[in-house]
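I have placed the structure first, in the form of structure tokens, so that the comments after it can refer back to it.
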Amino acid sequence: DTGVSQDPRHKITKRGQNVTFRCDPISEHNRLYWYRQTLGQGPEFLTYFQNEAQLEKSRLLSDRFSAERPKGSFSTLEIQRTEQGDSAMYLCAGQGPHANTGELFFGEGSRLTVL
Amino acid sequence: KQEVTQIPAALSVPEGENLVLNCSFTDSAIYNLQWFRQDPGKGLTSLLLIQSSQREQTSGRLNASLDKSSGRSTLYIAASQPGDSATYLCAPYNTNAGKSTFGDGTTLTVKP
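As given, the protein sequences belong to chains A and B, one line each in that order. According to the working numbering, the first sequence is numbered sequentially starting from 1. According to the working numbering, the second sequence is numbered sequentially starting from 1001.
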């Protein structure tokens, strides 16, 4: 158990709907990362937070994607107007307390299927 | 931009064999490198973390080596078991980028 939990584990939605994923790291994780993984590929970086500050967003994140980490605790990733190409596993990872020495600890992921 | 390559993409071995998985990366300015295991439909489980100042790290039947200057890491699995069947991913962490970059993994099948 990594201590990182994600919810929901599975989400099936119709194209055009909005979806939101939540990640709860442990309190020591001052950094929080979101990655996306499609079948047969390695995880691709989406964005990361240092406490509540969003420090970087990948070009993979279109304007339909938004992420927040209020108060530096849990984080949410919202996808608006979903498209079939958004179907993937969305992975959250915590790191800390020392970002440059610590391991990444992943949650079990949230699998999105867009019909 | 960091690029990570893992060879082979897939590997099938009989139980009991020793095996080596390879990981190469283009940007050697890394702070650490982490090896993960992923079972189908699941998240990533951390196996080993090697700091840039280290050459090797061992955990049970697993041994990971790192040659930062040449941009290479290997994961050695001794006496493989069917339960080792999974996808293995490597991820170097670049301080200047503030993130880890993943390869596409090696899918290992160990036959009883």
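For every residue, glycine included, the Cβ atom is placed at its ideal position computed from N, Cα and C.
### Message
Assuming A:P43 and A:Q50 are in contact, meaning their beta carbons sit under 8 Å apart, how far apart are those beta carbons, in whole angstroms?
### Response
The count along the first sequence starts at 1 and reaches residue 43 of chain A at position 43. The count along the first sequence starts at 1 and reaches residue 50 of chain A at position 50. Contact doesn't hold; Cβ gap of about 19 Å is too wide.
### Task
Would you list, in sequence order, the uninterrupted alpha helix (DSSP H) runs of no fewer than 4 residues that lie entirely inside the stretch 6-72 of chain A?
none
### Task
Only counting runs of 4 or more residues, tell me where the alpha helix (DSSP H) segments fall wholly within the stretch 1018-1047 of chain B, in order along the chain.
none
#### Entry: First through last residue of the beta strand (DSSP E) which encompasses A:R111
For this step, residue 111 of chain A is matched to residue 111 along the first sequence. Its beta strand (DSSP E) spans residues 110-114.
### Query
chain B beta carbons: is any one of them nearer than 9 Å to that of A:P97?
Reading the first sequence from its first residue, position 97 is the one you call residue 97 of chain A. It does not; no Cβ of chain B falls within 9 Å.
### Where the stretch 23-45 of chain A meets chain B: residues whose CB sits under 9 Å from a CB there
R31, Y33, Y35, Q37, G40, Q41, G42, P43, E44, F45
### Message
Since A:F74 and A:R22 should fall inside the 8 Å C-beta cutoff, what is the C-beta to C-beta distance between them, to a whole number of angstroms?
### Response
Here the question's residue 74 of chain A lines up with position 74 in the first sequence. Here the question's residue 22 of chain A lines up with position 22 in the first sequence. The pair is a contact, with the Cβ atoms about 6 Å apart (cut-off 8 Å).
### Message
Among A:T20, A:P25, A:S62, A:S58, whose alpha-carbon lies nearest the alpha-carbon of B:G1098?
### Response
As a position in the second sequence, residue 1098 of chain B is number 98, starting the count at 1. Ranking A:T20, A:P25, A:S62, A:S58 by Cα distance to B:G1098 puts A:S58 first.
### Residues near A:Y33 in its chain [Cβ-Cβ closer than 6 Å; skip 5 each side]
Indexing the first sequence from 1 puts residue 33 of chain A at position 33. Result list for A:Y33: Y48, A93, in chain order.
### Task
Show which residues of chain A have a CB atom less than 7 Å away from the CB atom of B:F1102.
Within the second sequence, the letter at position 102 stands for residue 1102 of chain B. What B:F1102 touches in chain A: G42, P43.
#### Entry: Status (buried if at least 16 other CB within 10 Å, exposed otherwise) for B:Q1057
In the second sequence, residue 1057 of chain B corresponds to position 57, counting from 1. With 16 or more other Cβ atoms from the protein chains shown falling within 10 Å of its own Cβ, B:Q1057 counts as buried.
#### Entry: Closest Cα partner of B:W1035 within the set B:G1041, B:S1085, B:C1023
Numbered from 1 along the second sequence, position 35 holds the residue referred to as residue 1035 of chain B. The option with the nearest alpha carbon to B:W1035 is B:C1023.
### Query
Of all the options B:N1094, B:T1095, B:S1028, which has the alpha carbon lying nearest to the alpha carbon of B:R1072?
Counting from one through the second sequence, the residue named residue 1072 of chain B turns up at place 72. When only C-alpha atoms are compared, the closest one is B:S1028.
#### Entry: Coarse secondary structure for B:N1104, derived from DSSP in three states
Position 104 of the second sequence, counted from the first residue, corresponds to residue 1104 of chain B. Note on identity: in this sequence residue 1104 of chain B is Asp, with Asn being the wrong assignment. Correct three-state label for B:D1104: coil.
### Query
With a CB to CB cut of under 6 Å and the five nearest residues on each side skipped, what residues in its chain are close to B:A1078?
Sequence index remark: in the second sequence, residue 1078 of chain B carries index 78 (1-based). For B:A1078, where only same-chain residues beyond five positions count, the Cβ hits under 6 Å are N1018, R1061.
### Message
For a cutoff of 9 Å on Cβ pairs, would you count A:L61 as touching chain B?
### Response
The residue labelled residue 61 of chain A in the question sits at position 61 within the first sequence. No - not a single Cβ of chain B is within 9 Å of the one on A:L61.
### Message
Just to check my reading of the structure: B:Y1076 and B:V1004 have Cβ atoms closer than 8 Å, yes? What is that Cβ distance to the nearest angstrom?
### Response
Residue 1076 of chain B sits at position 76 when you count from the first residue of the second sequence. Residue 1004 of chain B sits at position 4 when you count from the first residue of the second sequence. Beta-carbon to beta-carbon, B:Y1076 and B:V1004 are separated by about 19 Å, too far to satisfy the 8 Å threshold.
#### Entry: Burial state of A:D1, where buried means 16 or more other Cβ atoms lie within 10 Å
Taking the first residue of the first sequence as position 1, residue 1 of chain A is located at position 1. A:D1 should be labelled exposed.
### Task
Using a Cβ cut-off of 9 Å (strictly closer), state whether A:L104 contacts chain B.
Within the first sequence, numbered from 1, the residue matching residue 104 of chain A stands at position 104. Yes, contact with chain B.
### Task
Over the uninterrupted beta strand (DSSP E) stretch that includes B:P1092, give me the two end residues.
As a first step, residue 1092 of chain B must be located in the second sequence, where it is residue number 92. Run containing B:P1092: 1086-1094, per the beta strand (DSSP E) assignment.
### Query
Looking at chain A, which residues of the stretch 1030-1046 of chain B have a Cβ within less than 8 Å of any of its Cβ atoms?
Y1031, N1032, Q1034, F1036, G1041, K1042, G1043, L1044, T1045, S1046
### Task
With DSSP as the reference, label B:D1067 as helix, strand or coil.
To locate residue 1067 of chain B, count along the second sequence from 1; it is residue 67. Here B:D1067 sits in strand by DSSP.
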